[in-house]
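S.K.: Order-wise, the sequence lines are chains A and B. Everything in the first sequence is counted per the numbering used here, starting at 1 for the first residue and increasing by one. Everything in the second sequence is counted per the numbering used here, starting at 1001 for the first residue and increasing by one. Below you'll find the structure I mean.
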Amino acid sequence: MTKHTLVALVEDKPGVLNRVASLIRRRGFNIESIAVGHSELPGLSRMTIVVDGATTAVEQVRKQLEKVIEVVKVADITEGRIIARELALIKVHATSATRSEIIQIVDIFRANIIDVSPDSLIVEVTGDEEKIDSLYSLLKKFGIKELTRTGRIALQRR
Amino acid sequence: MKLSGAQILCESLIKEGVEVIFGFPGGAVLPLYDVLPQYPQLRHILVRHEQGAAHAADGYARATGRVGVCLATSGPGACNLVTGIANAHLDSSPVVAITGQVARPFIGKDAFQEIDITGITVPITKHNYLVLRADEIATMVKEAFHIARSGRPGPVLLDIPRDVFIEEATFHYPEKVDLRGYKPTVHGHVAQIKRAAKLINESKRPVILAGRGVIISGAYDELRELAEKAQIPVITTLLGISCFPEDHMLSLGMLGMHGMACANLAVDATDLVIAIGMRFDDRATGKVSGFAPHAQVIHIDVDPAEIGKNVRVTLPIVGEVKPVLKALNKQVDVQTHVEWIGQVEEWRREHPLHSIHEAKNILPQYVVSKICEVTKGDAIIVTGVGQNQMWAALHFCYRKPNSLISSGGLGTMGFELPAAIGAKVGRPEETVWAIAGDGGFQMTIQELGTAVQDNIAVKVAILNNGYLGMVRQWQALFYERRYVATPLSGPDFVRVAEAYGLPGMRVTENSQVVPAIKKAMKHQGPFLIDFVVEPEENVYPMVAPGCTLAEILEDPRKKVEIKVKPRETSNL
């Protein structure tokens, strides 16, 4: 079992996300993350889907996805040279005593503080999953109030 | 000139060559029904339950190769189509289902008879549409028919809100479709075909496994040419039956759980499987790890997702069967395979099927073989699911292309009567026999009313054993004869037929079988025969679940008397 990154070019129509998600579920896969947004082509969106599974089984899902009428193309880019990023927003508990330490950690990760309130900070961090995981674990001791992650988006380098 | 959405739909259906719609009206589709009389070229056949409409459209589609159309109202009407749509989906049958939906302002409000039918049918359609404007109807109908019939065929659903039927728009039917994400492959890859020819030319013990893809593609001649040129035995799947004449010397019949022993033994021994338009269903392969253990596999299919799904494939060719075989045949050498054909012949002799033992009651397989005899094989057989289906598959000698219609993938009991109605409507010149079990028949028995109202001359043969026979057989073989919930009482089918207004007969003696079949054939309209058969007859041969095809269970009883002519082997 390995994590696979599928990138799909899909028509920007209602119900497409449902078709894709339901097909993956029906073939017995758990979707680790799914991210959708407009692509460079008008009327087409690009989806990045991360699933856990054996390579042959993922290939079967990829072929089934290709059959969805509104799916134009699907590639499993796990093996290729890819750039993958994820964005996370972390609301962390902060007092006057801890604030500067948090800022130091955030700086090291080249993350940003985007909101400050009397008892918390919101941190914005971009990177691969590992980077976000390690920032999260360092901030944990201050008390995480909320966390949200976009899931992976990825492009092939060439 | 502006037309209403309902009129645009009818105009579009006519453009697609639709001649018949199987439907059932209701509130949401009333505006559509209201304009139907303006289009007399669209024949509407009123079914008794929407499941019947979907099966009839499916049967029509399989019998004619054209797209079958069914129509239902919103909510329960749409839900009742679901089994029929799923059935068409699993057997790659081109069906367009049209459902009414509540008016647009009510969508999402749990309105009366509202159901999310596009949501429900996502996994069981090739594609579906919720039509939200009258000016979208023409394009969506065009796309729906294109998708349903091209590539690997399948059902497409159009869900149309009540007020869209009423809304007016200009009618303009598009010339062609442009679907960026849908471009089915027609021709096989040239280099792959060359490699396939090489494998075939080098093979010592090849077999062809032919499926419904051959029938869909109309590749009967191409398949025959390949088989005869290189002398390759042809084995079919259940849905592949009648893609190759069963009285041909090279025909070994069906493989699989209830396949012919000689076919299963040949698959077990072959060094090259040439799979054509089939999908290695588990009922066909037996235990998949032990399937064709000595063989390389060539897989020709129009659906790339079928390649390597169940069985490891040595050489895939994605494309439509007919053009692929045309190209392949040119590169295949003339061969004799004397030794291999001799071996296969020996298995055929040692494991005959058409021997019927003596029994107190009529044997169901005897009934099927007599229908074959009386019709001279010149009929379309539509089966239910279970024992009746297997007997119909095994004991009728299919010589005529596309002459068996059966629910293979979904295995839907009750398919037989409505699908036979659809087949008869599509091919009125043909004799159509529905072969039913007494269990499944009761699931769609109400469609007798449809056959009577429109005088659709289907002939119904009920193999009445008083059991849900296939389940009982499994209980007999694997659950120590604990017959839980399988003994089944039925109505007096003859009186039911008469109540619906068609003639019926009960047959309890062997001597009455042939006269009854002849009487049914002579009668102009629909006719029902209730054959009271041996209650605990099992279907043989059988490969038990979890076993390989070589582990065949043959009829353990002594075969006393051969009542049916042996298969002709003179051809070629």
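Beta carbons are placed, not taken as given, at the ideal position from N, Cα and C, and that holds for glycine.
Can you give the Cα-Cα distance for residue 1322 of chain B and residue 1402 of chain B, rounded to whole angstroms?
M.R.: 15 Å
S.K.: Pick from B:1083, B:1128, B:1044 and B:1075: whose alpha carbon is nearest that of residue 18 of chain A?
M.R.: B:1128
S.K.: Taking only beta-carbon atoms, is residue 1144 of chain B less than 7 Å away from chain C?
M.R.: Protein chains A and B are contained in the structure displayed, whereas chain C is not.
S.K.: Can you pull the chain B residues whose beta carbon is under 9 Å from the beta carbon of residue 218 of chain A, in chain order?
M.R.: The displayed coordinates of chain A run from 1 to 158. Any statement about residue 218 of chain A would go beyond what the structure contains.
S.K.: From residue 157 of chain A to residue 79 of chain A, what does the alpha carbon distance come to, in whole angstroms?
M.R.: 12 Å
S.K.: Between B:1427, B:1460, B:1168 and B:1431, which lies nearest to residue 1441 of chain B when the distance is taken from Cα to Cα?
M.R.: B:1460
S.K.: Distance check for residue 1337 of chain B and residue 1344 of chain B, CA to CA, integer angstroms please.
M.R.: 11 Å
S.K.: Which whole-angstrom value is the C-beta distance of residue 1153 of chain B and residue 1242 of chain B, which I expect to be below 8 Å?
M.R.: No, residue 1153 of chain B and residue 1242 of chain B are not in contact; Cβ-Cβ is about 17 Å, not under 8 Å.
S.K.: Would you say residue 63 of chain A lies against chain B (beta-carbon separation less than 7 Å)?
M.R.: Look at residue 63 of chain A: its C-beta is under 7 Å from a C-beta on chain B.
S.K.: Going by Cα to Cα distance, which pick from A:111, A:118 and A:20 is closest to residue 61 of chain A?
M.R.: A:20
S.K.: Can you list, in chain order, the residues of the stretch 123-156 of chain A whose Cβ is nearer than 7 Å to any Cβ on chain B?
M.R.: From the stretch 123-156 of chain A, no residue has a Cβ closer than 7 Å to chain B.
S.K.: Would you check if the distance between the CB atom of residue 132 of chain A and the CB atom of residue 88 of chain A is smaller than 7 Å?
M.R.: In this structure, residue 88 of chain A lies closer than 7 Å to residue 132 of chain A by Cβ.
S.K.: Do we get a CB-CB distance below 7 Å when we pair residue 1275 of chain B with the residues of chain A?
M.R.: no
S.K.: Please give me, in chain order, every unbroken run of the alpha helix (DSSP H) with length at least 4 that falls completely inside the stretch 1276-1345 of chain B.
M.R.: Fully enclosed alpha helix (DSSP H) runs of 4 or longer: 1282-1285 and 1321-1331.
S.K.: Run through the stretch 1006-1085 of chain B for me and flag every whole beta strand (DSSP E) of 3 or more residues, listed as ranges in chain order.
M.R.: 1020-1023, 1043-1046 and 1068-1072
S.K.: When we look at the beta-carbon of residue 1473 of chain B and count the other beta-carbons within 10 Å, is it buried (16 or more) or exposed?
M.R.: buried
S.K.: Taking the straight line between their C-alpha atoms, what separation do you get for residue 1003 of chain B and residue 1099 of chain B?
M.R.: 20 Å
S.K.: Tell me whether the beta-carbon of residue 1121 of chain B lies closer than 7 Å to the beta-carbon of residue 1157 of chain B.
M.R.: yes
S.K.: Could you have a look at residue 1113 of chain B and say whether DSSP puts it in helix, strand or coil?
M.R.: Of the three classes helix, strand and coil, the one that applies to residue 1113 of chain B here is coil, per DSSP.
S.K.: Counting only the same chain and skipping the five closest in sequence on each side, list residues whose C-beta sits under 7 Å from that of residue 1150 of chain B.
M.R.: 1184
S.K.: Can you tell me the Cβ-Cβ gap for residue 1211 of chain B and residue 1276 of chain B, rounded? I've got them flagged as a contact below 8 Å.
M.R.: 7 Å
S.K.: Where are the alpha helix (DSSP H) runs, 4 residues long or more, that stay fully inside the stretch 30-55 of chain A, in chain order?
M.R.: Here no run is fully enclosed.
S.K.: Take residue 12 of chain A as the anchor and find which of A:23, A:69 and A:1 has the nearest alpha-carbon.
M.R.: A:69
S.K.: Is there at least one Cβ from chain A nearer than 7 Å to residue 1182 of chain B's Cβ?
M.R.: It does: the Cβ of residue 1182 of chain B has a partner Cβ on chain A nearer than 7 Å.
S.K.: List the residues of chain B whose Cβ lies closer than 7 Å to the Cβ of residue 69 of chain A, in chain order.
M.R.: 1127, 1147, 1179, 1181 and 1182
S.K.: Enumerate, from N- to C-terminal direction, the unbroken alpha helix (DSSP H) stretches of 4 or more residues contained entirely within the stretch 1348-1417 of chain B.
M.R.: Counting only runs of 4 or more residues that sit fully inside the stretch 1348-1417 of chain B, the alpha helix (DSSP H) segments are 1364-1375 and 1387-1395, in chain order.
S.K.: For residue 1523 of chain B, does the three-state DSSP call read helix, strand or coil?
M.R.: coil
S.K.: How would you list, in chain order, the residues of chain A whose beta-carbon sits under 7 Å from the beta-carbon of residue 1309 of chain B?
M.R.: 60
S.K.: Taking the alpha-carbon positions, what's the residue 1202 of chain B to residue 1332 of chain B distance?
M.R.: 10 Å
S.K.: Just to confirm the assignment, what range does the alpha helix (DSSP H) spanning residue 69 of chain A have?
M.R.: Counting along the chain, residue 69 of chain A falls outside any alpha helix (DSSP H), and DSSP gives it neither H nor E.
S.K.: Shortest alpha-carbon distance to residue 1395 of chain B belongs to which of B:1068, B:1039, B:1506 and B:1254?
M.R.: B:1254
S.K.: Return the chain-ordered list of same chain residues with a C-beta closer than 8 Å to the C-beta of residue 1571 of chain B, the five sequence neighbours on each side being excluded.
M.R.: Note that residue 1571 of chain B scores 38 on pLDDT, short of 50, meaning its location in the model is unreliable; the coordinates nonetheless yield the value given after this. Cβ within range, chain order: 1245, 1247, 1248 and 1249.
S.K.: Could you check if residue 1389 of chain B is buried or exposed, using at least 16 other CB atoms within 10 Å of its CB as the buried criterion?
M.R.: buried
S.K.: Could you tell me whether the Cβ atoms of residue 1252 of chain B and residue 1261 of chain B are closer together than 7 Å?
M.R.: no
S.K.: Chain A partners of residue 1097 of chain B, CB-CB under 7 Å?
M.R.: Ordered by position in chain A, no residue passes the 7 Å Cβ test against residue 1097 of chain B, which lies about 16 Å from the chain.
S.K.: Is DSSP giving residue 1512 of chain B helix, strand or coil here?
M.R.: Correct three-state label for residue 1512 of chain B: helix.
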